[in-house]
Amino acid sequence: MSTLFSANLGYPRIGENREWKRVLEAFWGGKIEESELLESTKKIRLSHLSIQRELGIQSIPVNDFSLYDHMLDMSFMFGLIPERFGSSGNEPTLEQYFAMARGNSSAAACEMTKWFNTNYHYIVPELGQRQPILTVNRPLQAYLEAKQELGIEGRPVIVGPYTFVKLSKGYQPEETDSIIKQLIPVYGQVLRELQDAGVKWVQIDEPSLVTTMSDQDMERVEHIYAALRQEAPSLNLMLQTYFDAVEHYERVAALPVDGIGLDFVYGRSGNLKALEQFGFPQDKVLGAGVIDGRGIWRADLAGELELLEEIFQRVSQERVIIQPSCSLLHVPVSKKGEQKLEPVLLEALSFAQEKLYEISVLKKAIDEGRDTVLDELTAAQSAVSRLNQSTHRKKIHVQQRVKNRSKEKSSRDSAFEIRSAQQQEKWKLPLLPTTTIGSFPQTTEVRKARQSWRKGEWSAERYQQFIQEEISKWIVLQEKIGLDVLVHGEFERTDMVEFFGEKLGGFAFTSGGWVQSYGSRCVKPPVIYGDVEFLEPMTTEETVYAQSLTQKPVKGMLTGPLTILNWSFVRNDIPREETAFQIAFALREEIEALEQAGIEMIQVDEPALREGLPLKKSRHQFYLDQAVLAFKLSTSTVRDTTQIHTHMCYCEFHDIIDSIRALDADVISIETSRSHGELVSHFEDHTYDLGIGLGMYDIHSPRVPSVEEMISMMDRALSVLDPKLFWINPDCGLKTRGLEETVASLRNMVKAAEIYREKF
Ligand code: GLN
Ligand code: ZN
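The sequence shown begins at 517 in the numbering used here and counts up by one.
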């Protein structure tokens, strides 16, 4: 039997100790020169290649490394530098590269948005301003570097034309074909040069092939690949898909490429079914993504071997490559440094390096027989089952509650009209009430205080006292500013998910589990590894304290179930929605505790609700229904007079408006200011009949908005929304702002509301 190949699709850029982040930031801070940046990042890059080789990976990706983002690399390579960053000639500079990513004194940065349904953000290419040209062939450079420095025959990775165009902006839908036409020759040139340099395989990432696609789009894909085939007839093209099953399998399988990579983790059933129904072309190799590239759980290798056996029934073994389901960009580098985690959890984790090892074990099991890796198979199986059998995953009361959720209360006692009348009776708020979204500036002082407490230099009492001082300072300020509904300010929270994760059962925190979020910014998502349970009140103390200082209502502030879910690493042994329901019930207890403690306005933030939308439209409704149910399970047991708020920081509202309405929150505040016109015009033909606040100003900038501009925002909003339901608030929390600008902006906002009220 001939041997199997193993491949990786992309390696994390950040380095084992985030050294990549440090050099980048040192460069931006003017502490090192460009030459040092390039030299240091080269070292990092080469060390990543060596590690992959040591771990036994045969087909190692190159050009997966980036100084910021791989989509930006593509734009940059094609000279697609937006005009505001100056003319680039044929050689755009590193300065322009980073200016596109981060903005400079004269030009705003390019937009950044989420890479499919991951928490990685890419820089959105702006097409339509310049003709694409090939500036430097980056994949070729990366290939030559790996070959010359390490003797590694790398597999250059690029983002394919279809995905590149789909994820870009700056053109109208009817211009799609002409944009593609411009890009094909430059893509062609990249591939031709690779072919001429002796490259064997190129990995062309086309994750957009798993999203819902029209027939016309599929024709475009066929056109693109027919053209690229001609450009580089003897280069092996691996068309790589991931994150779900491919949409038009039969047609994708027929494309003139040499290999197709499929995700058998997130697209497992769809891709397996397609293989079964349509078979796999005899002249292509299959990249079998069997190891989860974006989850952190150790694979049950024996189970994966069964999956591979199933695949071998459709595709002969010598044409299968074992690989992760997607680039390992989305998981932390290695679990080596984790010392504080409980063994039962630690044993069940697998980060990038461990995943590559798993791939090597699978390969060996098939090449040399299972017996040669029995120990590894047993170890994997028992690690997975030990965690599954542990008390963390056997909290019967939590599981029962989720199972019997249909018997639990999931709607308020009365309809909104009745509740809102009672709430008005109780609160007697003015027309157009003013409020904020929750957080106030987290100054260095606040962060230092928290660190001192965490390090043990400050006692818990001292820290608590410090937090109370901040709260009372801001209660006084909010009263002075004249806001109607106050908040405590969230000074005790580092992050809106971590804070709750640390207090709920079932969560763990790694010490080094960083992943790249965007640019040099890394996040360390909490790990939900057990049944999630409420242990004790999490927010009552600070909220009640704040309320004790004022006659005005203080809003309690919680993070919603879907946001906690979508910003964490989630278990893979139960469906995602079950974890969401577990969180929902835990939050219900918190909400009940707040209400009992006299807090009767409670905001449940869901800024990441939309982020969990599946890639396929056919699954949107299911996700949204579960999301709505989770929110309502949390928020429905309160009295009619208790006012539930929610907040979302995106304005793409139109396609999910019915679900947002179905949350039945008494008040919603939404980020608006950056695309005000769009959102407001949406309400022209869709009535929204619950309380709603459209963000009056952008909190991402230190600029203080004037009274007049906010009045004109209100004018437009109130031309389509009912003033009796309208709230006045900023776009989002004010955590990242300075004190003075915050006070000045809120003063203007309150003033604008006061002026506006006169009109009625
Ligand atoms: N309540 C949170 C805050 O004010 C909301 C943050 C968010 O929407 N991302 O910071
Ligand atoms: Zn927000």
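Cβ atoms here follow ideal geometry from the backbone N, Cα and C, with glycine treated the same way.
**OP:** Work out the CA separation of Thr-950 and Arg-1263 for me, nearest whole Å.
**Re:** 11 Å
Original post:
Who are the Cβ neighbours of Tyr-765 in its own chain at under 7 Å, not counting the five residues just before and after it?
Top reply: Ala-790, Phe-794
**OP:** For Asn-1264, name the three-state secondary structure that DSSP assigns.
**Re:** It is helical.
Subject >> CA-to-CA distance, Lys-1132 to Pro-1041, given in whole angstroms >> reply: 25 Å
Subject >> Contacts around Tyr-741, its chain only, beta-carbon distance under 7 Å, and the 5 residues preceding and following it disregarded >> reply: In its chain, beyond the 5 residues on either side, Leu-771, Pro-772, Val-773 have a beta carbon closer than 7 Å to the beta carbon of Tyr-741.
Original post:
Where do the N-terminal and C-terminal ends of the alpha helix (DSSP H) with Tyr-1139 fall, by residue?
Top reply: 1136-1151
Subject >> Three-way DSSP call (helix, strand, coil) for Asn-787 in this model >> reply: helix
Subject >> Ser-1217 beta carbon near the ligand GLN (any heavy atom closer than 6 Å) >> reply: no
**OP:** Could you please give me the residues that DSSP links to Cys-1038 through a beta bridge?
**Re:** Gln-1032
**OP:** Please say whether Tyr-1213 and Ser-1185 have beta carbons closer to each other than 7 Å?
**Re:** no
Original post:
What first and last residue would you give for the beta strand (DSSP E) that runs through Phe-1023?
Top reply: Segment 1021-1024, the beta strand (DSSP E) holding Phe-1023.
Original post:
Grouping DSSP H, G and I as helix and E and B as strand, with all else coil, what is Met-1012?
Top reply: Three-state DSSP puts Met-1012 in coil, outside helix and strand.
Original post:
Between the beta-carbon of Thr-1056 and the beta-carbon of Leu-1110, is there less than 7 Å?
Top reply: Yes, the Cβ-Cβ distance between Thr-1056 and Leu-1110 is below 7 Å.
Subject >> Those residues which DSSP pairs with Leu-643 across a bridge >> reply: The partner list for Leu-643 (beta bridge, DSSP) is empty, contrary to what the question assumes.
**OP:** Determine the burial state of Arg-970: buried for a count of at least 16 other Cβ atoms within 10 Å of its Cβ, exposed for fewer.
**Re:** exposed
**OP:** Starting from Asn-1245, trace the beta strand (DSSP E) both ways and give me its first and last residue.
**Re:** 1242-1245
Original post:
With which residues is Met-1117 paired in a DSSP beta bridge?
Top reply: Paired residues: Gln-1159.
Original post:
Around the C-beta of Leu-857, are 16 or more other C-beta atoms found within 10 angstroms, so that it is buried, or is it exposed?
Top reply: That one is buried.
**OP:** Below 8 Å CB to CB, which residues in the same chain sit around Asn-787 once its five sequence neighbours on both sides are set aside?
**Re:** Ala-761, Val-762, Tyr-765, Leu-778, Asp-779, Phe-780
Original post:
Any contact of the stretch 1100-1110 with the stretch 1026-1040, i.e. 3+ C-beta pairs under 8 Å?
Top reply: Result no; under three Cβ-Cβ pairs closer than 8 Å.
Original post:
Among Ile-567, Leu-571, Ile-530, Asp-580, which residue has its Cα nearest to the Cα of Ser-556?
Top reply: Ile-530
**OP:** Taking Met-628 as part of the alpha helix (DSSP H), name the residues at either end of that continuous run.
**Re:** Per DSSP, Met-628 belongs to no alpha helix (DSSP H); it is in the beta strand (DSSP E), 628-630.
Subject >> Buried or exposed by the 16-neighbour rule on C-beta atoms within 10 Å, applied to Arg-1219 >> reply: exposed
Original post:
Could you give the residue range of the beta strand (DSSP E) that holds Ile-839?
Top reply: Before going further, note that residue 839 is Gln rather than Ile in the sequence given. Where Gln-839 is concerned, the enclosing beta strand (DSSP E) stretches over 836-840.
Original post:
Does the pairing of the stretch 996-1011 with the stretch 945-959 give three or more beta-carbon distances under 8 Å?
Top reply: yes
Original post:
Is the closest heavy atom of the ligand GLN to the C-beta of Ile-953 under 6 Å?
Top reply: yes
Subject >> Inter-residue Cα distance where the pair is Thr-566 and Glu-747 >> reply: Checking the sequence shown, residue 566 turns out to be Ser, not Thr. C-alpha separation (whole angstroms): 32 Å.
Original post:
Considering only the beta carbon of each residue, do Leu-948 and Ala-1269 sit closer than 7 Å?
Top reply: The answer is yes: Cβ separation under 7 Å.
Subject >> Pairwise C-alpha distance: Ala-658 and Glu-722 >> reply: 20 Å
Original post:
At which residue ranges does the stretch 647-730 contain complete beta strand (DSSP E) runs of 3 or more residues, listed in the order of the chain?
Top reply: 671-675, 717-721
Subject >> For the ligand MG, residues whose Cβ lies under 5 Å from any non-hydrogen atom >> reply: This structure lacks the ligand MG; its bound ligands are the ligand GLN and the ligand ZN.
**OP:** Could you give the DSSP three-state label for Gln-500: helix, strand or coil?
**Re:** The chain is shown only over 517 to 1276; residue 500 falls outside these bounds and no answer can be derived.
Original post:
Closest by CA to Val-652, which one among Ile-1244, Ser-694, Ser-841, Leu-596?
Top reply: Leu-596
Subject >> 6 Å CB neighbourhood of Glu-863 in its chain, flanking five on each side removed >> reply: Here the set comprises Ala-899.
**OP:** Using the DSSP secondary-structure output, state which residues sit across from Ala-523 in a beta bridge.
**Re:** DSSP lists Ser-575 as partners of Ala-523.
Subject >> For Arg-708, the nearest candidate out of Tyr-678, Arg-736, Ala-743, Gln-1137 (CA to CA) >> reply: Ala-743
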